[in-house]
Amino acid sequence: IVAKEEELDLEDLVQLEDVVVTMTHYGYIKRMPLDTYKAQKRGGKGILGISTREDDFVRDIFITTTHDRLLFFTNKGKVYSLRTIDIPETGRQAKGTAIVNLIQIGQGEKVTAVIPLKKSQDIKYVVMCTKKGIIKKTSIEEFKSIKRNGIIAITLEENDELINTKLTNGEREIIIGTAKGYAIRFNEKDIRPMGRVAKGVIAISLREDDEVVEMDLVHPGSEILVVTEKGFGKRTDLEEYRLQTRAGKGIIAIRLSEKTGKLVSIRSVNPEDEFMIISANGILIRMKVSEISKMHRDTRGVTLMKLDDGDRVVSTARIENEE
Numbered sequence: 006i007v008a009k010e011e012e013l014d015l016e017d018l019v020q021l022e023d024v025v026v027t028m029t030h031y032g033y034i035k036r037m038p039l040d041t042y043k044a045q046k047r048g049g050k051g052i053l054g055i056s057t058r059e060d061d062f063v064r065d066i067f068i069t070t071t072h073d074r075l076l077f078f079t080n081k082g083k084v085y086s087l088r089t090i091d092i093p094e095t096g097r098q099a100k101g102t103a104i105v106n107l108i109q110i111g112q113g114e115k116v117t118a119v120i121p122l123k124k125s126q127d128i129k130y131v132v133m134c135t136k137k138g139i140i141k142k143t144s145i146e147e148f149k150s151i152k153r154n155g156i157i158a159i160t161l162e163e164n165d166e167l168i169n170t171k172l173t174n175g176e177r178e179i180i181i182g183t184a185k186g187y188a189i190r191f192n193e194k195d196i197r198p199m200g201r202v203a204k205g206v207i208a209i210s211l212r213e214d215d216e217v218v219e220m221d222l223v224h225p226g227s228e229i230l231v232v233t234e235k236g237f238g239k240r241t242d243l244e245e246y247r248l249q250t251r252a253g254k255g256i257i258a259i260r261l262s263e264k265t266g267k268l269v270s271i272r273s274v275n276p277e278d279e280f281m282i283i284s285a286n287g288i289l290i291r292m293k294v295s296e297i298s299k300m301h302r303d304t305r306g307v308t309l310m311k312l313d314d315g316d317r318v319v320s321t322a323r324i325e326n327e328e
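Per this note's numbering, the very first residue in the sequence shown carries number 6; after that it's consecutive.
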């Protein structure tokens, strides 16, 4: 007798453990135990986190558990679903499994956000943000049953892409950062809920040739941590990012120059958290947030990661302190 997947309770079959899931630009995914990574000092060279093909790089890294289900949102505005334990566990140096072998994504489709759907969370909405500054909020109920070949999560304008997706309880504040170093912070109540196939509303009015690089949820009393493609970064008091209304132009988050490169990440962090920075060559560095220099908004920041020539920062991850 074969039990249906839904009937088998994961908690009974699989030991609950924290895992790191990494995904590369070309869609190779793997999971490994969280304790594979040891905290390192700021400004150090990182450890190699994933062996990649020559031109591939780690783009996504996050912490989840073996009991969670993952939602995969793609640049084309679709969403797919998978259990964490269905991602093969490998050692640190392994390349991982091609995501196309695990979910049925289309030609030219790339996963831009992977979200662990934790059972314990108080979640009501999925909030999505696009490269062109559009934001949309949709009830989590619309994502409860996802067909193997995926479903539409957002309808995109021509040449736009879905870049980031978050789960919320309807009461959160959102911060969005752009490549040219601008940021806007507003309340998610400024966004009315819409159905899956809706297009969304303006989150930030972009300046010429600018685009959104990241969206994060603001934790009360947190600090804002920004990182550039050339490894510069800093943390700034949340108060310096005044609460605005949706669709404004935003304010300066970091002074950019040729030396710093573009903004690649903006995150809400707490001093007791740890932080991971990932480079295009697959190098990871893990540090304590409290060791990162605290500076005002309108400053350049300091070197957080030394990069080899031609390498660049592509992604970051906040590791919450569980204590």
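Ideal Cβ positions, reconstructed from N, Cα and C, are used throughout, including at glycine.
- In its chain, beyond the 5 residues on either side, G266, K267, V269, R317, V318 have a beta carbon closer than 7 angstroms to the beta carbon of E234.
- In the DSSP assignment, the residues bridged to I180 are R190, D221.
- Rounded to the nearest angstrom, the Cβ distance from L172 to V131 is 6 angstroms, consistent with a contact under 8 angstroms.
- When C-alpha distances from K136 are compared across A184, K152, R153, I110, the shortest belongs to A184.
- When C-alpha distances from I180 are compared across G32, I229, I151, the shortest belongs to I229.
- For E22, the secondary structure class from DSSP, reduced to helix, strand or coil, is coil.
- When the five nearest sequence neighbours on each side are left out, the beta carbons in the same chain lying within less than 6 angstroms of the beta carbon of M310 are those of G236, I282, I290, in order along the chain.
- Between M133 and L167, the C-beta gap is smaller than 7 angstroms, which places the two residues in contact.
- The way I'd put it, the region 285-302 doesn't touch the region 208-227; fewer than three beta-carbon pairs between them come closer than 8 angstroms.
- In the DSSP secondary-structure assignment, L230 is bridged to R240, R272.
- Residues of the same chain with a CB within less than 6 angstroms of the CB of K123, apart from the 5 flanking positions on each side, are D73 in chain order.
- For the pair G255 and I207, the CB atoms are not nearer than the 7 angstroms cut-off.
- Separation of R153 and A203 (C-alpha to C-alpha, rounded to the nearest whole angstrom) is 22 angstroms.
- Closest by C-alpha distance to D165, out of T102, E147, T321, G138, is G138.
- Note on S262: under 16 other CB atoms within 10 angstroms of its CB, so exposed under the neighbour-count rule.
- Straight across, the Cα-Cα distance linking Q112 with K35 is about 21 angstroms.
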